[in-house]
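Numbering (this note's numbering), first residue to last: 187 to 484.
Where is the CB? At the ideal position from N, CA and C, for every residue including glycine.
Below: one structure, written as C-alpha cells.
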C-alpha cells in the first residue's frame, strides 16, 4: 500500500512535536512540513500561511493536511489573529481545493469552550465535579463559548472547514480537533506546567495554548498553592503526545467522516470534555490518564 502524503503546517510547536515523535517514522505516511523557517533535517517548504502564492505549491500531490499553524496566544488582540488564523486558514482551504486535497485535520482549541472553564473553575478540576454521579462533560453538541478572539478564530476555522466539506468540494473530509493541553516532551506529563514553573523560577498563568505572564516574578515551589493548582488543572486537561498522535492517526485512517468535531484530550478522570464521540466514530483509545499519576517523573 502506498504511503499517504501528508502536509503539516506549523509542525514545530508543541502539538507538532507529537507528530515528529510518534508518527514521522511510520512508513504509512510521507510527511512534508510547511513552516516560516527552514529546518534542514526535515522536508520543509518554507512559507508563511498568510502568503497564498508562497504556500500553494506545497499542496500539490498531498492526500491530507494537518493544519496546526496559527497565532496561539489565547489572549491575543484581534489585530494579531486575523491574518494567521483567519486569512491563513482560508488560504489553506483554498490551496486544498485547487490541489484537490481530500482531507483536512484542523487544529481547533478547547478555547472555543473557554468560558465554561471560567465559570466553573477551580472546582471544575475535581474528578467529582459537579457530583460523583454526573460529572460535567462538554460534548461536540454543546454550545460553544469562546473566551477571546483566539477562540473565536478557531470557531471560524471550524465553520469554514465545514462549508468546504459540505459545499465547496475539496477538502471532502474535515476533522476539527479541539485540542486541550499538549506539552513538549520534557513536560509531557500531568505535572508538566507546575514543574515548568519550578524550572523557570517564575509565576505564570497557563492558557492551554502556552501564554506566559512575564510581568509576574517570584518564587514557585513544589507544594505551594500555585503548584497544586497547576497540577490539578493539567491532570484534568492533559493531552499526552502519544494520545494526540493516536487521534491524528485515527483521522488519517478514517474513510467515513465528512465533517465532525472531536475533543483531543487524554482519558483523564477529571476531564470536562467528552471523548466518547471520538471513541465511537474514530476508534480513539487514549492510553494516558492524568489521575493515575501521583508524582512527577524522576
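{"Asked": "Skipping 5 residues on each side, what residues in its chain have a beta carbon closer than 7 Å to that of residue 204?", "Found": "368, 427, 430, 431"}
{"Asked": "Kindly indicate the opening and closing residues of the beta strand (DSSP E) around residue 231.", "Found": "230-232"}
{"Asked": "Using a 10 Å radius around the Cβ and a threshold of 16 neighbouring Cβ atoms, would you call residue 419 buried or exposed?", "Found": "buried"}
{"Asked": "Pull up the DSSP beta-bridge partners for residue 253, would you.", "Found": "195, 292"}
{"Asked": "With 16 other CB atoms within 10 Å as the buried threshold, where does residue 474 fall?", "Found": "buried"}
{"Asked": "Does DSSP classify residue 450 as helix, strand or coil?", "Found": "strand"}
{"Asked": "Quick one: Cα of residue 248 to Cα of residue 468, how far?", "Found": "22 Å"}
{"Asked": "Just curious, the beta strand (DSSP E) that residue 363 is in, first and last residue?", "Found": "359-365"}
{"Asked": "Measure from the alpha carbon of residue 380 to the alpha carbon of each residue in 409, 235, 362, 217, then state which is nearest.", "Found": "409"}
{"Asked": "Closer than 8 Å by C-beta to residue 288: which residues in its own chain qualify, once you throw out the five before and the five after it? Chain order, please.", "Found": "249, 250, 356, 357, 358, 359"}
{"Asked": "Which residues share a DSSP beta bridge with residue 424?", "Found": "367"}
{"Asked": "Kindly list the residues whose CB is nearer than 8 Å to the CB of residue 401, restricted to its own chain and excluding five residues on each side of it in sequence; keep chain order.", "Found": "Interpretation of residue 401 is limited by its pLDDT of 38, a score under 50 that renders its predicted location unreliable; the figure taken from the coordinates is listed afterwards. Within the same chain, residue 401 has no close Cβ partners at all."}
{"Asked": "What are the boundary residues of the alpha helix (DSSP H) that residue 215 is part of?", "Found": "Careful: residue 215 lies outside any alpha helix (DSSP H), inside the beta strand (DSSP E) at 215-221."}
{"Asked": "Determine the DSSP secondary structure at residue 190, reduced to helix, strand or coil.", "Found": "strand"}
{"Asked": "Specify, as a first and last residue, the run of the alpha helix (DSSP H) that residue 502 falls within.", "Found": "Summary: the structure shown does not reach residue 502, with the chain confined to residues 187 through 484, and so no result is reported for it."}
{"Asked": "Just list the residues that DSSP pairs residue 245 with in beta bridges.", "Found": "According to DSSP, which records beta bridges pairwise, residue 245 is partnered with nothing at all."}
{"Asked": "Is the stretch 301-319 touching the stretch 232-245, taking contact as three or more C-beta pairs under 8 Å?", "Found": "no"}
{"Asked": "Comparing C-alpha positions only, which one of 238, 255, 365 sits nearest to residue 299?", "Found": "365"}
{"Asked": "Indicate whether the contact test is met: 3 or more Cβ pairs, each with one atom in the stretch 252-261 and one in the stretch 323-332, closer than 8 Å.", "Found": "no"}
{"Asked": "Measure the C-alpha to C-alpha separation of residue 278 and residue 234 and round it to an integer number of angstroms.", "Found": "11 Å"}
{"Asked": "For the structure I just gave you, are there three or more beta carbon pairs, one from the stretch 438-450 and one from the stretch 220-232, closer than 8 Å?", "Found": "no"}
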